[in-house]
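Trainee: Handing you this structure, nothing more for now.
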């Protein structure tokens, strides 16, 4: 028997799927619109938490109802739980698309997984309220500890104008490349900045294959004229039935100058490294992933014909072990280990 969800007599108050821009951020309408939360306010828990959830911006989404996504002062992004986004997976997909648009436009964001999805609603037509426990919810309700309230002291500050500009550019790229899946780029970037090398390479390579296929179909196969060398190479690979292989497509894209020699060399190294990961379980070196990330913007620019895209300004360099102290002493640890051996 098919289960039918009961309809409550209590209004649902325009429910929303919500995600938070990471790291903890404040969104300013202009340089003078900050809340001015002081250290004393933080220590005394005397700031106005309701202000954190107030709406500061909207961005357009594909909604048949004409409803926009909303952004709050503390970086929450909300889309309506309407017929356009009825399920949890629909909400997550749309929120990740929005965040990927911001990433393509040059703003650091991280992927949303189902365990981090927040459920809430638009409260009093001015603020977003979340039912889901999180640091954002605790800060809004003034329920957080002193250490948690330190997020309010030095948050990342983003401006509405910059968010809208980044979103607009990212949306143009996404809509131009019909076979591109925003989730994989966002997931790859998140894995990359957290030094999860295997996930980063796997997800980046999915993006690379999607962009390669797009360039192959929309540019290479539609070329009006081929050089004799290009024609010979194409015929040779066709006779061997190898043109379906990604390496062959990338080689022909290089010979046709759709991608650069540097890009092709980087892709070849990344492909070999990715195959070693898949077939042998070899964890990739971070330098290979860095190099792949560096050439990725050129692929997006080639696909979309949009130049100077914001993602060019996002880098992932630095020592992944920066937070390990230079001077350590594990004598206490060793002593306890010996005592535990005696107990066993």
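Residue numbers (the working numbering): 676 to 1019.
C-beta: ideal position from N, C-alpha, C; glycine also.
1) Buried or exposed for residue 688, going by 16 or more other Cβ atoms inside 10 Å?
2) If you reduce the DSSP assignment to three classes, tell me which class residue 972 lands in.
3) Check whether the region 823-837 touches the region 760-769, taking contact to mean three or more Cβ pairs, one atom from each stretch, closer than 8 Å.
4) DSSP three-state label for residue 1005, please.
5) What first and last residue would you give for the alpha helix (DSSP H) that runs through residue 858?
6) With DSSP as the reference, please indicate the residues paired to residue 733 in a beta bridge.
7) Bridge partners of residue 693, per DSSP?
8) Inspect the beta-carbon positions of residue 724 and residue 831 and report whether they are closer than 7 Å.
9) Could you compute how far the alpha carbon of residue 915 sits from the alpha carbon of residue 922?
10) To the nearest angstrom, how far is it from the Cα of residue 842 to the Cα of residue 875?
11) Reducing DSSP to helix, strand and coil, say where residue 906 ends up.
12) Any idea what DSSP makes of residue 798, helix, strand or coil?
13) Span of the beta strand (DSSP E) holding residue 700?
14) Whole-angstrom Cβ separation of residue 769 and residue 736, contact assumed at under 8 Å?
15) Starting from residue 831, follow its DSSP beta bridges and name the residues at the other end.
16) How would you label residue 749, buried or exposed, when you count the other beta carbons within 10 angstroms and need 16 or more for buried?
17) Just to confirm before moving on: does the CB-CB distance between residue 722 and residue 716 stay below 7 Å?
18) Let's see if you can read the secondary structure: which residues bound the alpha helix (DSSP H) around residue 916?
19) Tell me where the alpha helix (DSSP H) around residue 774 begins and ends.
20) Pull up the distance between the alpha-carbon of residue 682 and that of residue 695, whole angstroms please.
21) Between which two residues does the alpha helix (DSSP H) holding residue 954 run?
22) When the cut-off is 7 Å and only beta carbons count, does residue 1004 lie next to chain D?
23) Assuming residue 898 is part of the alpha helix (DSSP H), what are its boundary residues?
24) Use the C-beta contact count for residue 857: other C-beta atoms within 10 angstroms, 16 or more gives buried, fewer gives exposed.
Mentor: Taking the structure as given:
1) Exposed is the call here.
2) It is helical.
3) Verdict: no, contact absent.
4) Looking at residue 1005 - three-state DSSP - the assignment turns out to be coil, as it is neither helix nor strand.
5) Taken as a continuous stretch (DSSP letters only), the alpha helix (DSSP H) holding residue 858 covers 857-868.
6) In the DSSP assignment, the residues bridged to residue 733 are 745.
7) Residue 693 has 753 and 793 as its beta-bridge partners, per DSSP.
8) The beta carbons of residue 724 and residue 831 sit no closer together than 7 Å.
9) Straight-line Cα distance between these residues: approximately 14 Å.
10) Those two C-alpha atoms are separated by around 23 Å.
11) When secondary structure is reduced to three states using DSSP, residue 906 falls in the helix class.
12) Note: residue 798 maps to strand in three-state DSSP.
13) Boundaries of the beta strand (DSSP E) harbouring residue 700: 700-703, taken from the DSSP string.
14) Taking 8 Å as the upper bound for CB-CB distance, residue 769 and residue 736 are in contact here, some 7 Å apart.
15) For residue 831, which the question treats as bridged, DSSP gives the partners 700.
16) By the neighbour-count criterion, in which 16 or more other beta carbons inside 10 Å mark a residue as buried, residue 749 falls on the buried side.
17) Closer than 7 Å, so yes.
18) Element bounds for residue 916: n/a, residue is neither H nor E.
19) In the DSSP annotation of this structure, the continuous segment of the alpha helix (DSSP H) that includes residue 774 starts and ends at 763-779.
20) Going by the C-alpha atoms only, they are around 29 Å apart.
21) Start and end: 936-955.
22) Of the chains in the structure shown, none is chain D; there is only one protein chain.
23) Premise fails: residue 898 is in no alpha helix (DSSP H) and is neither H nor E.
24) Per the 10 Å Cβ criterion, buried.
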